[in-house]
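Peer 1:
Shown next as structure tokens:
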């Protein structure tokens with residue numbers, strides 16, 4: 004795994020700032036501690052930091068073709084590089100190394116922009132073609148690897164794996180985007196393609212961007228999407244059994260191609276279905292015991308470690324476990340520096356620790372990320388489908404006034420038994436499907452954000468609502484049923500914006516490469532075509548997957564209640580984190596930025612500390628926002644201090 008950086012002048016051929024290029028490259032050293040490479044020529048600069056995994060001696064970057072007219076800087080892995088290399092050699096291309104990076108250069112020469120369709124892997128790369136005077140940026144289909152870019156007023160385009168590299172450029176304005184603030188306090192992250200800064204964009208997963216000398220930057224182009232084309236259902240009574248067998252064969256192959264490395268390899272093992280399935284496949288494919296790592300909690304309500312130990316014992320892995328304790332809240336400021344923008348998933352704490360633990364023993368770790376989105380593992384899917392059945396009984400024009408009124412009148416009763424907590428359900432029935440799902444996943448509902456935001460921020464939003472992120476994706480979705488639709492929305496928002504961002508930054512902070520077999524795009528395509536009932540069957544998510552895993556995993560691992568990878572945040576905020584929380588919310592930075600209503604902030608805090616409500620997610624998001632303002636938004640740029648908007 005690596006980091007890339009670059010500067011491309013769209014209109015001039017003057018020498019670029021080589022010192023800046025080196026700083027942009029080296030500020031990402033944590034992603035690639037094994038070496039640095041830079042290349043510059045009039046109007047262009049490319050930088051690379053390397054974490055050596057394959058071809059340890061010959062994989063230095065930037066890497067060029069034979070006549071030095073095409074160069075690439077690359078972050079990621081191309082798992083089918085050996086097959087592609089043989090194909091390209093048949094076309095006459097000559098290879099000088101044994102690394103996967105070189106296939107990108109020759110694939111560009113052979114297929115141009117269509118080269119990305121030939122790659123099976125996780126990647127973010129930039130290609131410089133001197134003959135065509137263009138830079139080609141690309142990001143993998145599911146968004147495992149990040150890529151950020153900014154178009155500056157002087158005609159330069161800067162790009163990098165992490166935003167901290169772009170923030171070094173003195174020409175980049177550190178103006179916060181009000182629309183990104185709305186998205187952050189709704190989702191807990193800023194959704195692609197937006198970032199917290201107006202001028203910086205994320206290249207969306209499954210997209211490319213072709214920059215040509217002398218031309219304005221075009222809109223990024225999407226080259227792939229999750230198809231959600233249902234497989235033809237066979238009349239064979241054993242169709243489900245055949246699907247189980249094919250699922251296991253596909254998973255085993257996806258794991259196998261991710262075990263190629265010239266460095267120590269292991270796996271995360273949470274004790275959940277997905278990571279346990281990956282470890283089971285690895286154990287069958289490896290002649291040596293698998294290195295596994297897990298995190299325990301000193302609070303039994305959140306601790307899954309005993310299930311991880313069950314799997315570790317079954318497969319005789321070299322298992323290592325570390326306990327996350329209350330004092331780990333000291334990581335708060337460190338996390339804010341990792342993500343470069345506000346990021347409110349508190350499970351970043353244990354994720355950081357498990358990556359730290361893994362890196363002490365391995366350089367590459369396989370994970371179970373993607374299973375919940377692809378196989379309908381989230382509990383919220385069940386509730387959404389139940390509401391969808393009720394919504395289908397009445398048209399929206401009748402539901403909105405009827406259930407909207409009932410929802411406003413019905414008292415909020417978080418303390419009551421679940422059947423009596425009808426307010427949220429009534430409100431959900433008054434909404435359309437996309438808006439209802441948005442409110443299911445939002446960390447702060449509309450009313451909370453309304454009270455939290457200042458009049459100045461409401462004016463700056465000019466009516467923008469974070470649900471528009473989901474509406475845009477829903478309008479482009481090929482999904483034909485309610486379950487596939489919400490899976491699609493999560494694959495486009497929560498997966499790249501939260502899960503993969505969390506894992507990438509936490510792992511790269513320790514120079515650890517994480518590979519996710521359940522996000523193999525060929526496997527994802529096949530899973531998307533399974534009948535919805537094979538994924539969510541009654542109250543059982545991952546139905547087919549669990550049945551297929553019966554011979555491989557203990558029943559208690561497969562069919563226990565899903566816990567999730569979370570921390571006891573609500574209690575921490577009333578205990579060891581209380582002073583830190585109060586200091587953050589009283590910070591002059593939050594008051595002076597002008598985005599928040601101070602009375603609304605104090606009300607959230609008071610209700611949580613009193614125990615009347617659990618506002619831990621909104622309060623954590625505020626605390627991380629304050630830490631971002633203090634560490635990143637107001638940090639110096641190229642030696643000059645630039646204040647946040």
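In the working numbering, the protein residues as written are 4 to 648. Idealized CB from N, CA, C, for every residue including glycine.
(1) Hey, which unbroken runs of the beta strand (DSSP E) at 3 residues or more fall wholly within the stretch 181-260?
(2) Could you check which residue in 454, 5, 631 and 467 has the C-alpha nearest to that of residue 125?
(3) Let me confirm a value: residue 614 is counted as buried when at least 16 other C-beta atoms fall within 10 Å, else exposed. Which label applies?
(4) Going by the CB atoms, is the gap between residue 282 and residue 266 shorter than 8 angstroms?
(5) Between residue 500 and the rest of its own chain, which residues show a CB-CB distance below 8 angstroms, the 5 nearest in sequence each way excluded?
(6) Would you kindly work out how many angstroms separate the C-alpha atoms of residue 303 and residue 278, rounded to a whole number?
(7) Taking the alpha carbon of residue 560 as the reference point, which residue from 48, 383, 460 and 315 has its own alpha carbon closest?
(8) Out of 239, 11 and 262, which one is the CA nearest neighbour of residue 49?
(9) Residue 532 to residue 347, Cα distance in whole Å?
(10) Hey, residue 606 and residue 366: beta-carbon distance below 8 angstroms or not?
(11) Looking only at C-alpha atoms, which of 621, 634 and 635 sits nearest to residue 186?
(12) Secondary structure at residue 614, three-state DSSP: helix, strand or coil?
(13) Using a Cβ-Cβ cutoff of less than 7 angstroms, which residues in the same chain neighbour residue 184 once the five nearest sequence positions on both sides are dropped?
(14) Distance, Cα to Cα, residue 628 vs residue 345?
(15) If contact is defined by three or more beta carbon pairs under 8 angstroms, each pair taking one atom from either stretch, is the stretch 505-525 in contact with the stretch 370-385?
(16) Where does the unbroken alpha helix (DSSP H) through residue 440 begin, and where does it stop?
(17) For residue 203 and residue 601, what's the separation of their Cα atoms in angstroms?
(18) How many whole angstroms separate the CB atoms of residue 228 and residue 535, which I take to be in contact at a CB cut-off of 8 angstroms?
(19) Under the rule that 16 or more other beta-carbon atoms within 10 Å means buried, what is residue 97, buried or exposed?
(20) Cβ of residue 513 within 8 angstroms of Cβ of residue 362?
(21) Taking 8 angstroms as the CB-CB cut-off, is residue 396 touching chain D?
(22) State the Cα-Cα distance for the pair residue 23 and residue 336, rounded to the nearest angstrom.
(23) Quick check on DSSP: helix, strand or coil for residue 266?
(24) Nearest-angstrom Cα distance between residue 123 and residue 300?
(25) Look at residue 2 and residue 161 and say whether their C-beta atoms are less than 8 angstroms apart.
(26) If I'm right that residue 368 touches residue 271 with Cβ under 8 angstroms, what's the distance once you round it to whole angstroms?
(27) Whole-angstrom Cβ separation of residue 264 and residue 56, contact assumed at under 8 angstroms?
(28) For residue 208, tell me which candidate among 201, 143 and 222 has the shortest Cα-Cα distance.
(29) Kindly indicate the opening and closing residues of the alpha helix (DSSP H) around residue 487.
(30) Tell me whether residue 347 sits in a helix, a strand or coil according to DSSP, three-state version.
(31) If you compare alpha carbons, which of 157, 163, 153 and 188 is closest to residue 177?
(32) Based on DSSP bridge pairs, tell me the residues matched to residue 293.
(33) Which of helix, strand or coil does DSSP assign to residue 113?
(34) According to DSSP, is residue 423 part of a helix, a strand, or is it coil?
(35) CB residue 128 to CB residue 86, shorter than 8 angstroms?
(36) Suppose the cutoff is 6 angstroms on Cβ atoms and the five residues either side in sequence are ignored; what does the same chain contact list for residue 275 look like?
Peer 2: Short version:
(1) If we require 3 residues or more, the beta strand (DSSP E) runs fully inside the stretch 181-260 come out as 203-205 and 210-215.
(2) Taking only the C-alpha atoms, the option nearest residue 125 is 5.
(3) Classified as exposed, residue 614 has fewer than 16 neighbouring CB atoms from the shown chains inside 10 Å of its CB.
(4) Cβ atoms of residue 266 and residue 282: not closer than 8 angstroms.
(5) The answer, listed in chain order, is 190, 192, 193, 194 and 195.
(6) The straight-line gap from Cα to Cα measures roughly 20 angstroms.
(7) Residue 315 holds the alpha-carbon nearest to the alpha-carbon of residue 560 among 48, 383, 460 and 315.
(8) Nearest to residue 49 by C-alpha distance, out of 239, 11 and 262, is 11.
(9) So the alpha carbons of these two residues sit roughly 32 angstroms apart.
(10) With respect to residue 366, residue 606 sits apart: the two C-beta atoms are not nearer than 8 angstroms.
(11) Among 621, 634 and 635, the Cα nearest to that of residue 186 is on 621.
(12) Three-state result, residue 614: coil.
(13) Correct list, in chain order: 460 and 598.
(14) A direct Cα-Cα distance of roughly 5 angstroms separates residue 628 from residue 345.
(15) At 8 angstroms Cβ cutoff, the stretches touch.
(16) Counting along the chain, the alpha helix (DSSP H) containing residue 440 begins and ends at 436-444.
(17) Whole-angstrom Cα-Cα distance: 29 angstroms.
(18) The pair is not a contact, with the Cβ atoms about 18 angstroms apart (cut-off 8 angstroms).
(19) So residue 97 ends up on the exposed side.
(20) Using a Cβ distance threshold of 8 angstroms, residue 513 and residue 362 count as a contacting pair.
(21) The structure shown has no chain D; it contains just one protein chain.
(22) When rounded, the distance between both Cα atoms is 26 angstroms.
(23) Note: residue 266 maps to coil in three-state DSSP.
(24) Distance from the CA of residue 123 to the CA of residue 300, rounded to the nearest whole angstrom, comes to 36 angstroms.
(25) The requested residue 2 does not occur in the structure, where the chain is confined to residues 4 to 648.
(26) At roughly 6 angstroms, the Cβ-Cβ gap stays under 8 angstroms, so residue 368 and residue 271 are in contact.
(27) The pair is a contact, with the Cβ atoms about 5 angstroms apart (cut-off 8 angstroms).
(28) Minimum Cα distance to residue 208 is reached at 143.
(29) Run containing residue 487: 485-495, per the alpha helix (DSSP H) assignment.
(30) Here residue 347 sits in coil by DSSP.
(31) Comparing Cα-Cα distances from residue 177 to each of 157, 163, 153 and 188, the minimum goes to 153.
(32) According to DSSP, residue 293 bridges with nothing at all.
(33) Looking at residue 113 - three-state DSSP - the assignment turns out to be helix.
(34) Confidence at residue 423 is low in this model, with a pLDDT of 39, below 50, so its placement is unreliable and the value that follows should be read with caution. The DSSP-derived three-state label of residue 423 is helix.
(35) Not closer than 8 angstroms, so no.
(36) Apart from the 5 residues on each side of it in sequence, residue 275 has no Cβ closer than 6 angstroms to any other Cβ in its chain.
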